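Engineer: Before we start, here is the structure in question, set down as structure tokens.
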Amino acid sequence: MIYLKTDEEIELIRLSNQLVGRTLGEVAKAIKPGVTTLELDKIAETYIRDNKGVPGFLDYQGFPNTLCTSVNDNVVHGIPNDDPLKEGDVVSVDCGVLLNGFYGDCAYTFEIGEVNFDIKKLLKTTKEALYKGIEAARHGNRIGDIGYAIQNHCESHGYSVVREMVGHGIGKSLHEAPEVPNYGRRGYGTKLQQGMVIAIEPMINLGKKEIVIGDDNWTVQTADKGVSAHYEHTVAVGKSEADILSSFKFVEEVLTLQS
Ligand code: MG
Ligand code: MG
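At position 144 of the sequence shown (counting the first as 1) the number is 148 in my numbering, and the numbers step up by one without a gap.
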């Protein structure tokens, strides 16, 4: 069952996602070598609660924290811990918020200090692929058009697309129909309609596409231990172009000031 959202509901989902974006902006201010992901998690939880939101991932199916922090070969669903981040690491920070009855969901992969050129290129390509997927998220297209756009861009650069983990509809629930794979065939899959709100989230590996689940039963890791990148926006499918409800603006303002 796909829930189409009214314009009013889309505005509420935008508010939830703007809080997620500002929370990631707070994370951006603090993230650097020596900081632990658990410290980032506390910053995020405090900021969300101070702004009248509820952390969307905390206790979701038993997940123990506010953020998913996935370092290097961790793809998604990493659990914050006490290990200090190191120069050259990359970390996907995924954040969800429940506000006014609606969820927001957005993720950004951060570079810790100076990162190897090959990994920088993976991050850049994955972010580009996210926007190519968003471009395909228009009324009358199909889910496969989004996946094709992402897959084509990443595979043409020699990267591989994780298959088991996918994007999703979002609204009153964190995960709603439809699933939004990051691979696919043009013209195939569920038809996209104005009012659908979906989270598009490419998870792209430097090496092979295969994944394994870590000992904590949460962390998704690359089987070959290569680095993985992950960016996510929540978008509303529009008549012409998609409306991006989440935002990297708060993150990128901080990163620009630091560079
Ligand atoms: Mg997410
Ligand atoms: Mg998501």
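All C-beta atoms in this analysis are idealised placements derived from N, C-alpha and C, irrespective of residue type, glycine included.
Note that the structure is a prediction, hence the values are computed from the model and not measured.
Looking at Lys213 and Val165, is the spacing between their C-beta atoms short of 8 Å?
Structural biologist: Their beta carbons are under 8 Å apart, which means Val165 touches Lys213 by this criterion.
Engineer: Just verifying my parser: in three-state terms, what is the DSSP assignment at Leu4?
Structural biologist: The requested residue 4 does not occur in the structure, where the chain is confined to residues 5 to 263.
Engineer: What does the Cβ neighbour count give for Asn120, buried or exposed, with the cut at 16 atoms within 10 Å?
Structural biologist: Looking at its Cβ environment, which holds fewer than 16 other Cβ atoms inside 10 Å, Asn120 is exposed.
Engineer: What is the residue span of the beta strand (DSSP E) that Ile204 lies within?
Structural biologist: Element bounds for Ile204: 201–204.
Engineer: Which partner residues does Gln225 have in the DSSP bridge list?
Structural biologist: Answer by DSSP bridge pairing, in chain order: Asn78, Val216.
Engineer: Over the uninterrupted beta strand (DSSP E) stretch that includes Glu183, give me the two end residues.
Structural biologist: 180–184 is the span of the beta strand (DSSP E), which, as asked, contains Glu183.
Engineer: Let me check you understand the geometry: is the CB of Gly63 closer than 7 Å to at least one non-hydrogen atom of ligand 2?
Structural biologist: The sequence as given places Asp at residue 63; Gly does not occur at that position. False, no ligand heavy atom lies under 7 Å from that Cβ.
Engineer: So does Asp54 have its beta carbon nearer than 7 Å to some heavy atom of ligand 2?
Structural biologist: No, since every heavy atom of ligand 2 falls outside the 7 Å radius drawn around the Cβ of Asp54.
Engineer: Confirm the yes/no value for this check: CB of Asp45, any heavy atom of ligand 1, distance under 7 Å.
Structural biologist: Not under cutoff, so the answer is no.
Engineer: In the structure shown, what three-state DSSP assignment does Thr238 receive?
Structural biologist: Three-state DSSP puts Thr238 in a strand.
Engineer: Tell me the rounded alpha-carbon separation between Tyr192 and Ala203.
Structural biologist: Going by the C-alpha atoms only, they are around 19 Å apart.
Engineer: Grouping DSSP H, G and I as helix and E and B as strand, with all else coil, what is Val258?
Structural biologist: The answer is helix: DSSP assigns Val258 an H, G or I state.
Engineer: If you measure between the beta carbons of Met200 and Val80, is that distance less than 8 Å?
Structural biologist: Not in contact: Met200 and Val80 (Cβ atoms no closer than 8 Å).
Engineer: Determine the direct distance from the alpha carbon of Ser20 to that of Leu114, and round the result to whole angstroms.
Structural biologist: Going by the sequence as given, residue 114 is Phe instead of Leu. Going by the C-alpha atoms only, they are around 22 Å apart.
Engineer: In chain order, what residues of the same chain have a beta carbon less than 7 Å from the beta carbon of Asp77, not counting five sequence neighbours either side?
Structural biologist: Closer than 7 Å at Cβ, skipping near neighbours: Gln225, Thr226, Lys229, Gly230, Val231, Ser232.
Engineer: On a Cα-Cα basis, can you pick out the residue from Val31, Ile83, Lys36 that is closest to Asp219?
Structural biologist: Nearest option by C-alpha distance: Ile83.
Engineer: Could you tell me whether the region 243–252 touches the region 137–149, using the rule of 3 or more Cβ pairs below 8 Å?
Structural biologist: Segments in contact, yes.
Engineer: Considering only the beta carbon of each residue, do Leu44 and Ile35 sit closer than 8 Å?
Structural biologist: For Leu44 and Ile35, yes; Cβs fall inside 8 Å.
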